[in-house]
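In the numbering used here, the protein residues as written are 1175 to 1328. Every residue gets a Cβ at the ideal spot worked out from N, C-alpha and C, and that includes glycine. Everything below concerns the one structure shown next.
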Amino acid sequence: MHPDLIFSIGSSAFVLLPGPVVEVMRRFTVGDEGRAEAGGILIGSHRGDHIEISDCTTPLRGDVRKPYLFDRKDRGHQLAAITAWTKSLGKRTFVGEWHTHPEDFPVPSGTDRATWRDITMKNTVASVFIIFGREALWAGIGQAGSVTAMKVVS
């Protein structure tokens, strides 16, 4: 089991990514699943300046998966966010998105950054973005059109 990851946002806020959620995403970087990019949304809660991720969606039938492209097209991702919101009485919601890259140490592409810019311009709260590679992950926090890398603190 992978340990929980905690990322710092500046000097006083954090993002929690639980180990079981890490494991769900990591399985798409190896074997047959790792032959095409995969992804989904991150579901969790905003707790003041902190973000707690509690779940994620995985690739669905309507998504596009290619060796160097993942396009989240299936409306099931949005339905998962709406369901989480409804069942939690407004406490859990979309807090970001994740996908994989077919490289050991992932770096955001121009397409990634353009997509994230659009997401952060539409949302009024910060969003988390994670890319899993074969050996490591890249994580960032975005708001108002800007995305910056986060550092793991635990």
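Environment of residue i [buried if 16+ CB atoms lie within 10 Å]
i: PRO1233; result: buried
i: THR1304; result: First, the amino acid is wrong: residue 1304 is Ile here, not Thr. ILE1304 should be labelled buried.
i: MET1295; result: exposed
i: GLY1284; result: exposed
i: ASP1237; result: buried
i: ILE1315; result: buried
Selection from the options that minimises the alpha carbon distance to residue i
i: VAL1195; options: ALA1210, LEU1179, VAL1326, GLY1236; result: LEU1179
i: ASP1278; options: ALA1300, LEU1311, ALA1258; result: LEU1311
i: LYS1325; options: GLY1184, MET1175, GLY1264, GLN1252; result: GLY1184
i: GLU1309; options: ILE1293, PRO1276, GLY1316; result: PRO1276
i: ARG1235; options: ALA1323, GLY1213, ASP1248, PHE1244; result: ASP1248
i: ARG1209; options: TYR1242, LEU1191, ARG1291; result: TYR1242
i: ASP1229; options: PRO1177, ASP1245, LEU1191; result: LEU1191
i: LEU1253; options: GLU1271, THR1231, PHE1181, ARG1239; result: THR1231
i: ARG1246; options: LYS1265, GLY1222, TRP1290; result: TRP1290
i: ARG1200; options: PRO1177, ARG1221, GLY1316; result: PRO1177
i: ALA1288; options: GLU1271, GLY1319, ALA1313; result: GLY1319
i: ALA1313; options: ALA1255, LYS1240, GLU1271; result: GLU1271
Collapsed DSSP secondary structure at residue i in the structure displayed
i: GLU1197; result: helix
i: GLU1152; result: The structure shown has nothing for residue 1152, since the chain only spans 1175 to 1328.
i: ARG1209; result: helix
i: THR1289; result: helix
i: THR1232; result: coil
i: THR1298; result: coil
Pair within 9 angstroms by beta-carbon distance, residue i and residue j
i: ILE1227; j: VAL1189; result: yes
i: HIS1224; j: ALA1187; result: yes
i: GLU1211; j: THR1267; result: no
i: SER1301; j: SER1262; result: no
i: GLU1207; j: MET1175; result: no
i: GLY1193; j: PHE1202; result: no
i: PRO1280; j: GLY1307; result: yes
i: VAL1269; j: ILE1217; result: yes
i: VAL1321; j: PHE1181; result: no
Whole alpha helix (DSSP H) elements within the stretch 1235-1286, 4-residue minimum: 1250-1261
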